[in-house]
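K.L.:
Take the sequence shown: its letters are residues 1 to 258, numbered as in UniProt numbering.
Provided herewith is a single structure, encoded as structure tokens, for subsequent inquiry.
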Amino acid sequence: MKIFYNRTGFLTLLFREIHRFSRVSIQTILAPLISNILYLGIFSGILSTRSIAFEGFNYLQFLVPGLATMGAIFASFQNPSFSLISQKYMNTVQDLNSYPISDIEKTTAFILGGMVRGTLIGTLTYVATLPFVRSGIYSPVFFFFSLMLTSFVFSSIGFISGLALDGFEKMNFVLSIVITPMSYLGGVFFEISKLSGILSAIRFINPIYPLVNITRYAYLGVYEDNIYVHGALALIFMIISFTASLTVFKRGTGIKIQ
């Protein structure tokens with residue numbers, strides 16, 4: 001039995017998810033992009049002379065890959081979660097059961113839609129920072145790949161959240177209370193090596209830290225801790241998050257009528 005047996009149906013669902021966020025681009029693309037640039041503008045005025053642990057780079061160069069990663073995380077998480085919760089409010093989420101495509105095609109379409117949005121936000125964040133930070137990318141291909149990988153992981157998490165949660169307030173709770181603190185403690189704004197005590201130990205259980213670190217390596221060519229371990233962890237996160245997404249969807253969580 002073919003896993004992907006209805007290419008037309010799969011692409012239709014994928015393009016629907018992409019079109020859904022692209023037609024309201026002011027909210028889904030421009031708003032988070034401006035937010036990231038404001039972060040850079042604020043920090044450029046306050047901490048532009050702050051020294052960092054990486055010799056030969058200034059703080060703004062250090063900050064850019066962190067902001068790009070954070071933008072990708074938030075955008076990719078929001079896309080599938082918002083889409084599914086919206087369908088629950090409209091009482092149309094059950095229609096997913098009638099789509100003539102396999103479960104893996106449905107899951108992949110939603111996740112790839114979020115990945116496209118996350119990668120786009122991360123890439124545009126880098127482009128928008130060029131007037132402030134004129135710095136070449138150490139490995140452009142790897143930088144783009146790291147944004148795609150990060151977006152895939154958090155789009156999968158957003159997909160699971162969209163299935164499991166039944167309201168926007170719960171989705172915003174996950175964003176505000178879980179993902180945002182993890183981002184701040186994941187090396188977006190500062191080197192984890194400069195933290196001490198429990199704040200430093202948190203990096204061992206924070207999945208965002210390896211993702212930020214590999215993106216920073218792709219951008220600057222420098223890293224903290226072991227970049228090979230972090231690369232392996234990122235790939236493991238991708239496999240686990242997708243497998244969990246498919247499992248939750250197959251169980252009918254948030255879709256089956258009770």
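Even for Gly, the Cβ is constructed at its ideal location relative to N, Cα and C.
Any contact of the region 79-88 with the region 100-120, i.e. 3+ C-beta pairs under 8 Å?
P.N.:
Cβ pair count under 8 Å is three or more, so yes.
K.L.:
If the criterion is Cβ atoms closer than 9 Å, does the pair Gly254 and Lys88 meet it?
P.N.:
For the purposes of this step, residue 254 is taken as the residue at position 254 of the sequence shown. For the purposes of this step, residue 88 is taken as the residue at position 88 of the sequence shown. Yes, they are a contact pair.
K.L.:
Can you give the Cα-Cα distance for Glu105 and Phe10, rounded to whole angstroms?
P.N.:
The residue you call residue 105 lines up with position 105 of the sequence shown. The residue you call residue 10 lines up with position 10 of the sequence shown. Approximately 6 Å between the Cα atoms of the pair.
K.L.:
For Met182, which residues in the same chain have their Cβ closer than 8 Å to its Cβ, ignoring the five residues on either side in sequence?
P.N.:
By one-based count along the sequence shown, residue 182 stands at place 182. Correct list, in chain order: Asn206, Pro207 and Ile208.
K.L.:
Here's a check: name, in chain order, each residue in its chain whose Cβ is nearer than 6 Å to the Cβ of Thr125, leaving out the five neighbours to either side.
P.N.:
Residue 125 sits at position 125 when you count from the first residue of the sequence shown. Excluding positions up to five away in sequence, the list reads Asn36, Leu67, Ala68 and Gly71.
K.L.:
Start and end of the alpha helix (DSSP H) containing Ser183?
P.N.:
On the sequence shown, residue 183 is found 183 positions in, with the first residue counted as 1. Residues Thr180 to Tyr184.
K.L.:
So what does DSSP say about Met171, is it helix, strand or coil?
P.N.:
Here residue 171 is taken as the residue at index 171 of the sequence shown, counted from 1. Correct three-state label for Met171: helix.
K.L.:
Using CA coordinates, which residue listed in Ile85, Leu38 and Val64 is at the minimum distance from residue 280?
P.N.:
Coverage of the chain is limited to positions 1 through 258, which leaves residue 280 absent and any answer about it impossible.
K.L.:
With 16 as the cutoff for other CB atoms within 10 Å, does Ala109 come out buried or exposed?
P.N.:
Within the sequence shown, the letter at position 109 stands for residue 109. Burial call: buried.
K.L.:
Inspect the beta-carbon positions of Phe159 and Thr107 and report whether they are closer than 9 Å.
P.N.:
Here residue 159 is taken as the residue at index 159 of the sequence shown, counted from 1. Here residue 107 is taken as the residue at index 107 of the sequence shown, counted from 1. Yes, Cβ-Cβ distance for Phe159 and Thr107 is below 9 Å.
K.L.:
So, is Gly136 buried or exposed, given that buried needs 16 or more other C-beta atoms within 10 angstroms?
P.N.:
Here residue 136 refers to the residue found at position 136 when the sequence shown is read from its first residue. Exposed, since its Cβ has fewer than 16 Cβ neighbours within 10 Å.
K.L.:
Closest by CA to Leu63, which one among Phe190, Leu13 and Leu120?
P.N.:
The residue labelled residue 63 in the question sits at position 63 within the sequence shown. Selected option, being the one with the closest Cα: Phe190.
K.L.:
In angstroms with no decimal places, state the Cα-to-Cα distance between Ile192 and Leu147.
P.N.:
If you number the sequence shown from 1, residue 192 lands on position 192. If you number the sequence shown from 1, residue 147 lands on position 147. Near 20 Å, if we compare the C-alpha coordinates of Leu147 and Ile192.
K.L.:
Consult DSSP for Phe57 and reduce its assignment to one of helix, strand or coil.
P.N.:
The count along the sequence shown starts at 1 and reaches residue 57 at position 57. In this structure, Phe57 counts as coil in the three-state DSSP scheme.
K.L.:
Give the straight-line distance between the Cα atoms of Leu149 and Arg216, rounded to the nearest whole angstrom.
P.N.:
Residue numbering aside, residue 149 sits at position 149 when the sequence shown is read from its first letter. Residue numbering aside, residue 216 sits at position 216 when the sequence shown is read from its first letter. Rounded to the nearest angstrom, the two C-alpha atoms are 14 Å apart.
K.L.:
Among Thr247, Lys250, Ile198 and Tyr138, which one has its Cα closest to the Cα of Leu220?
P.N.:
Counting from 1 along the sequence shown, the entry for residue 220 is found at position 220. Checking every option, the nearest Cα to that of Leu220 belongs to Tyr138.
K.L.:
Between Pro32 and Ile177, is the Cβ-Cβ spacing less than 9 Å?
P.N.:
As a working mapping, residue 32 is identified with position 32 in the sequence shown. As a working mapping, residue 177 is identified with position 177 in the sequence shown. Result no, Cβ atoms of Pro32 and Ile177 do not sit closer than 9 Å.
K.L.:
Distance, Cα to Cα, Leu185 vs Lys250?
P.N.:
In the sequence shown, counting from the first residue as 1, residue 185 sits at position 185. In the sequence shown, counting from the first residue as 1, residue 250 sits at position 250. Cα to Cα, the separation comes out at about 33 Å.
K.L.:
Could you tell me whether the Cβ atoms of Ile73 and Phe154 are closer together than 9 Å?
P.N.:
Here residue 73 is taken as the residue at index 73 of the sequence shown, counted from 1. Here residue 154 is taken as the residue at index 154 of the sequence shown, counted from 1. Cβ atoms of Ile73 and Phe154: closer than 9 Å.
K.L.:
Around the C-beta of Thr8, are 16 or more other C-beta atoms found within 10 angstroms, so that it is buried, or is it exposed?
P.N.:
Counted from its first residue, the sequence shown places residue 8 at position 8. Counting Cβ neighbours within 10 Å, Thr8 comes out exposed, since fewer than 16 surround it.
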